[in-house]
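Asks:
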Amino acid sequence: MPFSYQCSDCKCLIALGSYHSVTGQAVGLYCRHCGTYHRLEETIQQYFEAWSAEKNTAKKSYHLIGPKSDRLITLTPGEAAPLISCENCKAEGPFGPSGPITDEDPRGICPRCKQATMKRSGEWIT
Ligand SMILES: [Zn+2]
Ligand SMILES: [Zn+2]
Numbered sequence: 008m009p010f011s012y013q014c015s016d017c018k019c020l021i022a023l024g025s026y027h028s029v030t031g032q033a034v035g036l037y038c039r040h041c042g043t044y045h046r047l048e049e050t051i052q053q054y055f056e057a058w059s060a061e062k063n064t065a066k067k068s069y070h071l072i073g074p075k076s077d078r079l080i081t082l083t084p085g086e087a088a089p090l091i092s093c094e095n096c097k098a099e100g101p102f103g104p105s106g107p108i109t110d111e112d113p114r115g116i117c118p119r120c121k122q123a124t125m126k127r128s129g130e131w132i133t
């Protein structure tokens, strides 16, 4: 269930967590450098196959949906994660939670203005 966080200063709003969308399973993400909201989507079929260990050798594809475009990302087991970049501030790094587009808990720090002003503003019911 996703949580939303909003900065009380610059009003930067992000939503994190996994939820069902119209096309499949979606995860709320944000840019750790500027706070721009992104969304990652995969098909329900792929989402459930991920639970099955034998199928972990399969390629996986995801849609990374930003404010301007929808990019198709393919992950191949045993290969490095592809580089992605933020559509807003152009920060570049590997696809994954350690890269620029992440789903890490902001721990109270606003990704845009870097102040300790980020507060949980709600929970979505999906
Ligand atoms: Zn802020
Ligand atoms: Zn950014």
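The numbering of the sequence shown is this note's numbering, which starts it at 8 and goes up by one.
Every residue, glycine too, gets a C-beta built ideally from N, C-alpha and C.
What number of angstroms, rounded off, separates the C-alpha of residue 68 from the C-alpha of residue 35?
Replies: Within the sequence shown, the letter at position 61 stands for residue 68. Within the sequence shown, the letter at position 28 stands for residue 35. Rounded to whole angstroms, residue 68 to residue 35 spans 16 Å at the Cα level.
Asks: With DSSP collapsed to three states, give me the class of residue 56.
Replies: In the sequence shown, residue 56 corresponds to position 49, counting from 1. Residue 56: helix per DSSP, three-state reduction.
Asks: Leaving out five residues before and five after residue 28 in sequence, what residues of the same chain have Cβ atoms less than 7 Å from its Cβ?
Replies: Working through the sequence shown from its first residue, we reach residue 28 at position 21. The residues are 48.
Asks: If contact is defined by three or more beta carbon pairs under 8 Å, each pair taking one atom from either stretch, is the stretch 8 to 16 in contact with the stretch 114 to 127?
Replies: Judged by Cβ distances under 8 Å, the stretch 114 to 127 makes contact with the stretch 8 to 16, as three or more pairs qualify.
Asks: Does at least one heavy atom of ligand 1 sit under 8 Å from the Cβ of residue 124?
Replies: By one-based count along the sequence shown, residue 124 stands at place 117. True, at least one ligand heavy atom lies under 8 Å from that Cβ.
Asks: Return helix, strand or coil for residue 109, following the three-state DSSP convention.
Replies: As a first step, residue 109 is located in the sequence shown; it is residue number 102 there, counting from the start. It is a strand residue.
Asks: Looking at ligand 1, does it come within less than 8 Å of residue 16, judged from the CB to the closest heavy atom?
Replies: Here residue 16 corresponds to residue number 9 of the sequence shown, with the count starting at 1. Correct: residue 16 has its Cβ closer than 8 Å to ligand 1.
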